[in-house]
Ligand SMILES: Nc1ncnc2c1ncn2[C@@H]1O[C@H](COP(=O)(O)OP(=O)(O)O)[C@@H](O)[C@H]1O
Ligand SMILES: [Mg+2]
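Residue numbers (our numbering): 54 to 311.
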């Protein structure tokens, strides 16, 4: 699979007649098996971009093209949001198999896939628990498993760990990195938390400006599997510095041509 985001612009027409330009000229290609993270200040259009890639919003200009698909039967995308939408009346296993039921998958297939995913996200023993019986981190694990159950070509995540406590958030980053290493799933991952983006991604897309656009794309050459201790390595800190300065905006230099 390749997801080609081509020259996307988006404007919102407000009720009062004003126009808000949320995105302008966004170009990005996500390759098969690649983990792409997007960072940028609040309001720079990250969620708008993700929603367009998900097909939940239409672009004002440009296209999102999926090509080199591995299998025409796989859904293109599946989304995990910050405010997860687990069905409160379904237990963990039934939440995970929901999409498969919709697809008409046989019970045996659904159960096997649920077992596999429950083990993958570390929820073994909790398959019959209901969402209200789970901690925040466990709910997010279930939401990830549910999104992965339908085997999407590209998994979209919009600030999935933002509501979690710092320590649990770090655990979940490690867990997600491990899931990425084991599955080879392609990810488009949105966060405003730069260390999380650097820790997880193969490339970090820095967005900014009004209207939102891509300021820079930074390839992350840190070894995999990523371990917690990489966060104190000089390379990691250099990436943080670089991306921080991009997000803040570079100081204007006299005579610079842009
Ligand atoms: N449905 C909408 N109608 C009008 N404006 C919107 C809508 N959705 C987002 N916006 C505006 O578009 C800009 C980008 O929003 P968003 O994509 O949510 O940013 P981010 O996720 O980076 O915080 C913001 O100025 C926001 O207020
Ligand atoms: Mg957002």
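Think of the CB as a built atom: it goes at the ideal place given N, C-alpha and C, for glycine as much as any other residue.
Please read these numbers as outputs of a predicted model, since none were measured by experiment.
6 Å Cβ shell around residue 146 - same chain, five flanking residues per side excluded: 167, 180
message: Less than 7 Å between C-beta atoms, sequence neighbours within five positions excluded: which residues of the same chain meet that for residue 227?
response: 281
task: Using the DSSP secondary-structure output, state which residues sit across from residue 242 in a beta bridge.
output: 90, 210
query: Taking residue 249 as the reference, which of 239, 223, 270, 232 has the closest Cα?
result: 223
query: Quick one: does the C-beta of residue 192 sit closer than 7 Å to a heavy atom of ligand 2?
result: no
query: Is DSSP giving residue 252 helix, strand or coil here?
result: helix
message: So, for residue 104: in the same chain, excluding its five sequence neighbours on each side, which residues have a beta-carbon less than 6 Å away from its beta-carbon?
response: 110
- request: Taking only heavy atoms of ligand 1 into account, decide whether any of them is closer than 7 Å to the Cβ of residue 75.
  value: yes
query: Going straight from the alpha carbon of residue 232 to that of residue 67, what length do you get?
result: 40 Å
query: Under the criterion of a Cβ to heavy atom distance below 7 Å, does residue 67 qualify as lining ligand 1?
result: yes
Inside the region 187–233 only - beta strand (DSSP E) runs reaching at least 3 residues: 207–211
field: Sequence-distant residues of the same chain with beta carbon closer than 8 Å to residue 171, five excluded per side
entry: 145, 146, 149, 177, 179, 180, 198
task: Name the one or two DSSP bridge partners that residue 56 has.
output: 83, 119
query: When the Cα atoms are used, what is the spatial distance from residue 315 to residue 169?
result: Not covered by the structure: residue 315. The range shown for the chain is 54 to 311.
message: ligand 2 and residue 211: does the residue's C-beta get closer than 7 Å to at least one heavy atom of that ligand?
response: yes
Counted within 10 angstroms of its Cβ, other Cβ atoms place residue 277 as buried (16 or more) or exposed: exposed
- prompt: ligand 2 heavy atoms versus the CB of residue 99: any closer than 7 Å?
  reply: yes
task: Return helix, strand or coil for residue 160, following the three-state DSSP convention.
output: helix
field: Through-space distance from residue 99 to residue 83, alpha-carbon basis
entry: 15 Å
- prompt: Does at least one heavy atom of ligand 1 sit under 7 Å from the Cβ of residue 93?
  reply: yes
field: beta-carbon residue 262 near ligand 1 non-hydrogen atom, thresh 7 Å
entry: no
task: Reducing DSSP to helix, strand and coil, say where residue 310 ends up.
output: Because the pLDDT of residue 310 is 46, which lies under 50, any placement of that residue in the model is unreliable, and the number read from its coordinates should be weighed accordingly. Correct three-state label for residue 310: coil.
- request: With a threshold of 7 Å, establish whether the CB of residue 96 neighbours any heavy atom of ligand 1.
  value: yes
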